[in-house]
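Numbering (the numbering used here), first residue to last: 321 to 632.
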């Protein structure tokens, strides 16, 4: 019988990688990334991607899959995940799934959201509106008809904003209301999921420290290299926090001080949305990291608990 999946979930900058690497060694696991930005080959510093040395120590999957200008859907993620999991199990190893993409978590364990099929005429009209009036105007419209989704989706993520508006136009119902019904009697895989948390001020301090470190090790140079390589600055991947702010700085729209301050603010907001998403799922078992004295103690706890018999 295959071992259950073990998920390590939580907001950005909380320290998932620090915990996952020793945990993977202890339970003879390979790591599957549950991150919507580490997929892109050219985005390393701004996504806090595990280093090559870390990935040589523990095999990682669903990282560096596509180029920045390539489209990558939740369905694409699900297919790559299933393929990686099959390969891991062929090697008689466990799968440790690590990340903060709530939508990918649901796709893996519950399947894909059965929403209406794409209406490309609606999508094109909404894209033109975004181009003409700005992403914020489109996001404000979403806020009017579906405030719950608007709170979860960043204004710069026009693909998801457009999808939410498309679903509302086609069904007359907010996508958030339809997703409440997105429940299956049994998950696609047996799993155990652990959510990492800590007091908000500690998390925000970690976010600020990590942002400063990203700047120190070359985030500006990374973004310049991406643009110089010919990738469009308005593509979806580069609209995310950590990249959009630096692009605006390079274009003269922000000072460096303003760009870094906005990067930190947007990262804090993103972390809050991640926690809101994960806290709505009662299958996740939470660990307050501030209650542990060391990484080793956290790993010990997770090893002991994940080897228990209670599974989802």
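Where a beta carbon is used, it is the ideal one built from N, C-alpha and C, also for glycine.
Keep in mind the model is a prediction, meaning the values are calculated, not measured.
Q) Tell me, which residues are paired with residue 417 by DSSP? A) 327 and 352
Q) Taking three-plus beta-carbon pairs below 8 Å as touching, is the segment 596 to 614 in contact with the segment 511 to 525? A) Under the 8 Å Cβ criterion, the segment 596 to 614 counts as touching the segment 511 to 525, having at least three qualifying pairs.
Q) CB-CB under 6 Å to residue 375, same chain, minus the five flanking residues each way: which ones, in chain order? A) none
Q. Could you give the distance in angstroms between the alpha-carbon of residue 463 and the alpha-carbon of residue 564?
A. 22 Å
Q) Out of curiosity, what's the CA-to-CA distance linking residue 579 and residue 380? A) 32 Å
(Q) Given this structure, state the Cα-to-Cα distance separating residue 349 from residue 525, to the nearest angstrom. (A) 31 Å
Q: Take residue 485 as the anchor and find which of 519, 582 and 455 has the nearest alpha-carbon.
A: 455
Q: Look up residue 387 in the DSSP assignment and say whether it is helix, strand or coil.
A: For residue 387, the three-state secondary structure derived from DSSP is coil.
Q. How many angstroms separate the CA atom of residue 529 from the CA atom of residue 356?
A. 22 Å
Q) Hey, residue 423 and residue 386: beta-carbon distance below 7 Å or not? A) Their beta carbons are not under 7 Å apart, which means residue 423 does not touch residue 386 by this criterion.
Q) Ordered along the chain, which non-local residues of its own chain (more than five positions away) have a Cβ less than 6 Å from that of residue 427? A) Closer than 6 Å at Cβ, skipping near neighbours: 394 and 398.
Q.
Less than 7 Å between the beta carbons of residue 388 and residue 551, yes or no?
A. yes
Q: Would you kindly check if the distance between the Cβ of residue 411 and the Cβ of residue 384 is under 7 Å?
A: no
Q) Do three or more CB pairs link the segment 329 to 348 to the segment 578 to 596 at distances below 8 Å? A) yes
(Q) For residue 639, list the residues DSSP reports as bridge partners. (A) Here the chain has residues from 321 to 632 only, and residue 639 is not among them.
Q. Between the segment 431 to 446 and the segment 406 to 421, do three or more beta carbon pairs fall short of 8 Å?
A. The answer is no - the segment 406 to 421 does not touch the segment 431 to 446, with fewer than three Cβ pairs under 8 Å.
Q. Is it true that the CB of residue 353 sits closer than 7 Å to the CB of residue 290?
A. The structure shown does not extend to residue 290, since the chain is modelled only from 321 to 632, so the question has no answer here.
Q.
So for residue 630, helix, strand or coil by DSSP?
A. Any reading at residue 630 must be qualified, since the residue scores a pLDDT of 41, below 50, and its modelled position is unreliable; the value itself is stated next. Taken through DSSP and simplified to helix, strand or coil, residue 630 comes out as coil.
Q) Does residue 346 have its Cβ less than 7 Å from a Cβ in chain C? A) The structure shown contains no chain C; it is built from a single protein chain.
Q) Under a Cβ-count criterion, where at least 16 other Cβ atoms within 10 Å of its own Cβ denotes burial, should residue 599 be classed as buried or exposed? A) exposed
Q | Range of the contiguous alpha helix (DSSP H) that encloses residue 545 | A | The continuous alpha helix (DSSP H) containing residue 545 extends over residues 539 to 548.
Q | Classification of residue 469 by the beta-carbon crowding that lies within 10 angstroms, buried from 16 upward | A | buried
Q: Measure the Cβ-Cβ separation of residue 459 and residue 487 and say whether it is below 7 Å.
A: Their beta carbons are not under 7 Å apart, which means residue 459 does not touch residue 487 by this criterion.
Q: Below 8 Å on the Cβ atoms is my guess for residue 478 versus residue 450; work out the distance and round it to an integer in Å.
A: Taking the Cβ atoms as the reference, residue 478 lies roughly 5 Å from residue 450, within the contact range of under 8 Å.
Q. Does the distance from the CB of residue 429 to the CB of residue 561 come in under 7 Å?
A. no
Q: Measure the CB-CB distance between residue 588 and residue 527 and report whether it falls below 7 Å.
A: yes
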